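What follows is a single structure, written as structure tokens, with notes after it.
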Amino acid sequence: MPSRIRRLPGEVEQLLAAGRGLVSVQAAADAGIDRGRIARLRRGGFLIRLAYGMYASREAYEAMPPWPAFALRSRAFTLACGPAAYAAGWSAVAIHELPAIGPPPDLPSVVVPRGAAASGDFVFGRVRSVLLPLEHRDEVGGCGVVSVPRAVVDVGRTAPRDQALVLADAAIALRTGRDELRAVLAGMHGWPGSAEARWAVEHADPYSESALETLGRLTFIEHGLPVPVSNPWIDLGAVRFRADHLLDDRWLVFEGDGDLKYNVRLDAAHIIRQQREREWRLREAGFEVVRYGWDMARDRRATLADRFRQVIADRAPRDRPYPWYRERGVYRHTRSSPG
1 MPSRIRRLPG EVEQLLAAGR GLVSVQAAAD AGIDRGRIAR LRRGGFLIRL
51 AYGMYASREA YEAMPPWPAF ALRSRAFTLA CGPAAYAAGW SAVAIHELPA
101 IGPPPDLPSV VVPRGAAASG DFVFGRVRSV LLPLEHRDEV GGCGVVSVPR
151 AVVDVGRTAP RDQALVLADA AIALRTGRDE LRAVLAGMHG WPGSAEARWA
201 VEHADPYSES ALETLGRLTF IEHGLPVPVS NPWIDLGAVR FRADHLLDDR
251 WLVFEGDGDL KYNVRLDAAH IIRQQREREW RLREAGFEVV RYGWDMARDR
301 RATLADRFRQ VIADRAPRDR PYPWYRERGV YRHTRSSPG
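Sequential numbering from 1 applies to the sequence shown in UniProt numbering.
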């Protein structure tokens, strides 16, 4: 009687590592592992099927946060669809590790060049046959994926405005330029949603440092308020501070309070002390500081806009705008977060 399997065999773990978390039936066969053995590992709860012929460690997959898990499913489905397939839309966003707000879709999305295959909806994902110029095709870790500019524009055509702007801000800060996004748009003249995508591209700000700051700025844009400068340096002589948003003519600073600044951090008390000192210094210099949080910026921007409007109305313009400046480059880290 064969011994009971208690863990993934070492050779399967090696294949998963080589495949960045995925192993195909073909790769397993090439390594001498037949379909029957893969099936037994799946029945035993050690492997999970993410697409036809594509497997992952169940334990590793189920421990993943939603977006990395979606990226893994997207890679699996794209690879299962063959060499003509490219992850697209939110699947491309996930594979490129760009920021998103809200949960991922249930199913991955793949595109193929026109004539390569037919469109269809399947158990593990959706395939669409589309116009896909060579310059819109990319690869990440051996998986076909549309380019960052194409992904940003495609999402911008269909996603809510807040999600599209969060993505566009991050993309032009880290991965592409506005001209590259405009070039993609030029080839989509008249496509459904292209006007919405253009709005996101033209309003994107590479100096917005996080999704929270994007949503804060969107509050001003959506509700006809004067749009502040993103992340300028305010030099007070002995010290300088970088504000999330600044209305320089009213000496008004707006700060987004993200939970990630404080939650699960050993230095949370130190951060709060620094924040209070910074706010005291700014007020001493004549600034007013207004704070807002994630829940309101994400879900109650109309209420937040009313608060901003009242603060702006209460602060008459100064005789001279405050002389802020920026250093070269942007301030966003390679991974973005809500806070």
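Glycine residues also receive a C-beta, built at the ideal position from the N, C-alpha and C atoms.
Just so you know, these numbers come straight off a predicted model, no measurement behind them.
In the structure shown, Leu212 adopts helical secondary structure according to DSSP, grouped into three states. Around the beta carbon of Pro317, a 10 Å sphere encloses fewer than 16 other beta carbons of the protein chains shown; the residue is thus reported as exposed. Residue pairing of His245 in beta bridges, as defined by DSSP: Ser230, Phe254. Taking a contact as a CB-CB distance under 8 Å, the pair Leu165 and Thr214 counts as one, their CB atoms being some 6 Å apart. If you check the CB distance, Ala85 and Val110 come in under 8 Å. Residue range 66-80 is occupied by the alpha helix (DSSP H) that includes Pro66.
Going by beta carbons, Ala76 and Met54 fall inside the 8 Å limit. The three-state secondary structure of Asp205, taken from DSSP, is coil. Just so you know, the alpha carbons of Leu107 and Phe70 end up roughly 8 Å apart.
Less than 8 Å separates the beta-carbon of Gly193 from that of Thr158. Segment contact: the segment 192-211 against the segment 317-332, three or more CB-CB distances shorter than 8 Å; contact assigned. The three-state reading of DSSP puts Ala313 in helix, counting H, G and I together. The beta-carbon separation of Val229 and Trp324, rounded to 6 Å, stays under the 8 Å limit for a contact. An exposed status is given to Gln14, since fewer than 16 other beta-carbon atoms sit within 10 Å of its beta-carbon. For Val289 against Val253, the beta-carbon gap comes to about 5 Å, under 8 Å, which counts as contact.
Between Pro105 and Trp67, the CB-CB gap reaches or exceeds 8 Å.
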